[in-house]
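Numbering (this note's numbering), first residue to last: 43 to 406.
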């Protein structure tokens, strides 16, 4: 891929683009794009001080409409030419959606574009940051707090992919999560360089779960399955999810159970979230989530109810997820798997390969 091009969007705008399948020209007759070296100029002009801004990182080879390099406003540098896309730009041209944060004075600096390889595209960080109601910098990354679902540890934790150490992680978890009145301490570590930190936390009594990010392209031919899966809304799936959490979290209270499904409603506000299910006699017996985010789709929360396993429902869900991801223009389907659990091998047999490594570290 040549140098990526960028488009600025708020979370609501990106969600609308996903619903439409394209970024459509609005005020002008073209979609305004920028290079990484240019984008701070329009960001400061249009979004000064905005703390939830997103960068849509586009592969120029996927834009699919003419791009002309033209002057911006009369006040812009005389030699500056911006890329303007004349026509709808498919959301499948967007290969990353990193947050773009301002300086303390409200202005923006030239962004550091994240890696655009398969490993980086398995990361959960961008989605968790979009959903969060509060974000605080910590050593090696950021901490996210999501007030409406404070019982969801996934949405209230540290997200670390830069250099840090055990003392800093523990202190930041106490400061941010403890300061918010949360009883848990949790961090998601991304990257092989953080393996020593995860190992050291084991010695301090933290629970450490090793994860692998896995990825596969949607197959050209829909995989065969022994059952039929289809899309349902989240509320229809709520009884299924509630029962799942009560099985997995013994003694869990009603508020926590409700929030563990409510968090998906929040995610649906910032990503194209689809609940896929298999039903028997009208009852949901297996379900998963598919999150379409530009060129990348994420499969999450795959589960089958007891008594309905070994009937091909997992295959049906995965086949439907692949089909919908392909129809949306995604070229990569990703997921996170526990290194020590059997689904890792099940996914590998269905074409997923390991591309990234990380850890969830936590203590009560």
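A virtual CB, placed ideally from N, CA and C, is assigned to each residue, including glycine.
So which of the options has the shortest CA-CA distance to residue i?
i	options	result
residue 129	258, 105, 137, 336	105
residue 95	108, 166, 81	81
residue 170	328, 305, 257, 373	305
residue 405	100, 237, 245	245
residue 136	119, 97, 165	97
residue 155	222, 79, 115	79
residue 167	323, 331, 142	142
residue 390	365, 325, 360, 367	360
residue 219	164, 86, 293, 189	189
residue 192	175, 179, 207, 203	175
residue 261	113, 393, 75	393
residue 205	234, 223, 226, 224	234
residue 256	208, 55, 338	338
residue 237	178, 369, 251, 335	251
residue 277	296, 300, 109	300
residue 84	122, 224, 44	122
residue 11	388, 90, 332, 350	Because residue 11 is not part of the residues shown, which for the chain are 43 to 406, the question remains open.
residue 179	119, 157, 211	211
residue 58	402, 352, 310	310
residue 232	163, 248, 177, 74	163
residue 355	90, 336, 328	328
residue 146	349, 86, 367	86
residue 351	224, 326, 66, 367	326
residue 203	54, 165, 225	165
residue 66	177, 131, 249	131
Using 8 Å for Cβ pairs, my map puts residue i next to residue j. What's the rounded Cβ distance?
i	j	result
residue 398	residue 161	4 Å
residue 316	residue 386	About 23 Å separates the two Cβ atoms, so there is no contact after all.
residue 284	residue 303	7 Å
residue 201	residue 230	5 Å
residue 318	residue 363	6 Å
residue 373	residue 259	6 Å
residue 370	residue 334	5 Å
residue 100	residue 46	6 Å
residue 402	residue 228	7 Å
In terms of residue numbering, what span does the beta strand (DSSP E) encompassing residue i cover?
i	result
residue 360	Counting along the chain, residue 360 falls outside any beta strand (DSSP E), though it belongs to the alpha helix (DSSP H) covering 355 to 369.
residue 147	From DSSP, residue 147 is part of no beta strand (DSSP E); its letter is neither H nor E.
residue 380	374 to 380
residue 49	47 to 51
residue 77	That residue, residue 77, is in no beta strand (DSSP E); it is neither H nor E in DSSP.
residue 388	It is not in any beta strand (DSSP E) - residue 388 instead sits in the alpha helix (DSSP H) that spans 385 to 390.
residue 314	314 to 322
residue 228	227 to 232
residue 404	395 to 405
residue 176	176 to 180
residue 187	183 to 187
residue 124	124 to 127
residue 343	338 to 346
residue 199	199 to 202
residue 253	249 to 258
residue 109	109 to 112
residue 325	325 to 335
If you measure between the beta carbons of residue i and residue j, is that distance less than 8 Å?
i	j	result
residue 64	residue 133	yes
residue 102	residue 111	no
residue 341	residue 254	no
residue 140	residue 92	no
residue 48	residue 76	yes
residue 312	residue 330	no
residue 282	residue 358	no
residue 271	residue 320	yes
residue 239	residue 208	yes
residue 109	residue 127	yes
residue 275	residue 61	no
If you follow the alpha helix (DSSP H) that residue i is part of, which residue opens it and which one closes it?
i	result
residue 86	82 to 89
residue 298	296 to 309
residue 216	Taken as a continuous stretch (DSSP letters only), residue 216 belongs to no alpha helix (DSSP H), as it is neither H nor E.
residue 173	167 to 173
residue 282	276 to 290
residue 238	237 to 245
residue 94	From DSSP, residue 94 is part of no alpha helix (DSSP H); its letter is neither H nor E.
residue 161	160 to 163
The ligand FAD heavy atoms versus the CB of residue i: any closer than 7 Å?
i	result
residue 293	Here there are no bound small molecules, and the ligand FAD is not part of this structure.
*Does the segment 372 to 381 touch the segment 282 to 300, meaning 3 or more C-beta pairs lie closer than 8 Å?*
no
*Is it true that the segment 133 to 150 meets the segment 190 to 197, where meeting means three or more beta-carbon pairs spaced less than 8 Å apart?*
no
*Evaluate contact between the segment 184 to 192 and the segment 200 to 220, counting only Cβ atoms and requiring at least three cross-stretch pairs below 8 Å.*
yes
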